[in-house]
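Protein chains in written order, with this note's numbering: chain A, 616 to 844; chain B, 160 to 259.
We put the CB at the ideal spot given by N, CA and C, even for glycine.
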Amino acid sequence: MVSMKLTSNNVLILLPVFNESKVIFSVIRSIQKEGWKKILAVDDGSTDNTYDELKKTGVIILRHSINRGKGSAVKTGLEAAKILNSKIVVTLDSDGQHNPKDIKKMVEEIKKGYDVVLGIRDFKKRHIPRFKAFGNYIGNIFTWMFYGLWVNDSQSGFRAYNKKAVDLIQTNNDHYEFETEIVREIVRNKLKWSEKIIDVRYSDYDQKKRNKQSFVSAVKMIIKLVLFG
Amino acid sequence: MNITTLSLILLIFSVYSIVDRIIRFIRKEQNQSVFKLVATIFIWGGISYIALFPIHNSNTLIFFGFIVVFFILFRLLSILEKNERLLTEIIRKEALKDLK
């Protein structure tokens, strides 16, 4: 057990946000309702009213002047966490697919002494689209081939890091390859990691989103990882 | 097999490049990928083969032609990728200014 007094002030909730004006206010309110006070939103060059919606919530906002991708937004957030001296960082998607009630169990896992906790979706559940389960399995195989570590959800955006992990992790990729790169960094830095099953809710809004991870982006991701690491 | 000074130099350089790349890959150094490893073995392996068994026909020319095109393409993609990353770094620094 790590002897560390953790209050919600020591935990930074990091949300990479891109064009989520319709849902971002309610997503942040639902996180705040769970008692998490320190929330950082990185607006990744949204072209809709996302920034105005974020201002209404009272969270810390950082803004990319142009869209650079989810990975770049998370990295900006992790750099901010170093400046804010956060003890734990929890990242989750800003479209409302993740349940804020799960943040607590991710934080508790870090308190047990893990450096990184990966939130994994339970693909046996019926409401998770089959193509997502299949795509994720392929992603897991490639991740294992590249970095020699088998994880059950290589593409999940719900993750928690302690300060040591935040300081050591170095990533280069701007888009969804970022999630896979984290696995590489776990191996490279010999970080202690674990997995925790999380709840996901796929709404019509999420399925119709234009900026969601597609098959084409997955193929691009694999080519980029093969070419540039 | 007719080993000249030039082929010996090429051979030493090829072995050095391949071994260096394998070590970097095993150490999981930043920016090392399976592609870079395979490309290094393929290119330097080919060069050392030609250094050891010189063939003076069109196949050799085609092989070197492929290497040149492949190398140019890879350099261009690398430059593009590097510029993308630089742009992201500039935007990140700009965003973090609000926090400092």
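Got a sec? Which residues, its chain only, sit under 7 Å from residue i by beta carbon, not counting five neighbours each side?
| i | result |
| --- | --- |
| A:G763 | V802 |
| A:V798 | T758, Y762, L764, V766, S769 |
| A:P631 | V657, D659, K685, A688, V689, G692, S709 |
| A:R678 | D658, Y666 |
| B:I209 | T219 |
| B:W203 | S173, S176, I177 |
| A:V642 | S709, G711 |
Taking CB distances under 8 Å as the criterion, tell me whether residue i reaches chain A.
| i | result |
| --- | --- |
| B:T247 | yes |
| B:R260 | Chain B is shown only over 160 to 259; residue 260 of chain B falls outside these bounds and no answer can be derived. |
| B:V228 | no |
| B:L239 | no |
| B:I177 | no |
| B:V106 | Residue 106 of chain B falls outside the range modelled here, since chain B spans only 160 to 259, and no answer is possible. |
| B:R234 | no |
| B:N231 | Sequence inspection shows Ile at residue 231 of chain B; the Asn mentioned does not correspond to that position. Taking Cβ atoms only, chain A never reaches closer than 8 Å to B:I231, which makes this a no. |
| B:R244 | yes |
| B:I200 | no |
| B:R251 | yes |
What residues from chain E crowd round residue i, counting only those whose CB sits closer than 7 Å?
| i | result |
| --- | --- |
| A:K652 | The structure shown contains no chain E; its protein chains are A and B. |
Would you please verify whether the beta carbon of residue i is less than 8 Å from any beta carbon of chain B?
| i | result |
| --- | --- |
| A:E694 | yes |
| A:N624 | no |
| A:I681 | yes |
| A:L677 | yes |
| A:I756 | no |
| A:D667 | no |
| A:S709 | no |
| A:I698 | yes |
| A:K690 | yes |
| A:F761 | yes |
Contact defined as beta carbons within less than 8 Å: I believe residue i pairs with residue j. What is the distance between those atoms, to the nearest angstrom?
| i | j | result |
| --- | --- | --- |
| A:V732 | A:L629 | About 14 Å; that fails the 8 Å criterion. |
| B:L258 | A:I698 | 5 Å |
| A:D814 | A:D717 | 6 Å |
| B:I181 | B:L196 | 7 Å |
| A:G883 | A:L669 | No answer is possible for residue 883 of chain A: it lies beyond the span of chain A, which begins at 616 and ends at 844. |
| A:N787 | B:R244 | 6 Å |
| A:Y869 | A:I743 | The requested residue 869 of chain A does not occur in the structure, where chain A is confined to residues 616 to 844. |
| A:E694 | B:L255 | 6 Å |
Where DSSP assigns a beta bridge to residue i, which residues make up the other side?
| i | result |
| --- | --- |
| A:T706 | A:L629, A:R774 |
| B:L235 | BP columns for B:L235 are empty, so no partner. |
| A:L677 | A:V657 |
| A:R736 | A:I813 |
| A:H713 | A:V815 |
| A:W759 | Note: A:W759 sits in no beta bridge, so no partner. |
| A:V731 | A:Y776, A:W808 |
Have a look at the options and flag the residue whose alpha-carbon is nearest the alpha-carbon of residue i.
| i | options | result |
| --- | --- | --- |
| A:K652 | A:N634, A:T662, A:T672 | A:T672 |
| B:T247 | A:K720, A:K716, A:R683 | A:R683 |
| A:Y791 | A:G686, A:D708, A:D814 | A:G686 |
| A:F640 | A:L699, A:G650, A:T665 | A:T665 |
| A:F793 | A:L806, A:W808, A:K720, A:G754 | A:G754 |
| A:E724 | A:R774, A:D663, A:M760 | A:R774 |
| B:S166 | B:I214, B:R251, B:N242, B:V228 | B:I214 |
| A:E649 | A:P744, A:K807, A:V722, A:K779 | A:V722 |
| A:A696 | A:I784, A:K805, A:K807 | A:I784 |
| A:I681 | B:S192, B:R251, B:F194, B:K256 | B:R251 |
| A:G734 | A:W808, A:I643, A:E800, A:L627 | A:W808 |
| A:T662 | A:E635, A:R816, A:I646 | A:E635 |
Which same chain residues, not among the five before or five after residue i, have their C-beta less than 6 Å away from its C-beta?
| i | result |
| --- | --- |
| A:Y776 | V704, V731 |
| A:M619 | Per-residue confidence for A:M619 stands at a pLDDT of 46, beneath the threshold of 50, marking its modelled position as unreliable; the derived number appears in the next sentence. Around A:M619: no qualifying Cβ. |
| B:A198 | none |
| A:E796 | T786, N788 |
| A:D737 | I812 |
| B:I231 | none |
| A:N804 | L783 |
Near residue i, what residues of its chain come up, given a Cβ to Cβ distance below 8 Å and the 5 sequence neighbours on each side ignored?
| i | result |
| --- | --- |
| B:F233 | A198 |
| A:S701 | N625, V626, L627, K653, K778, V781 |
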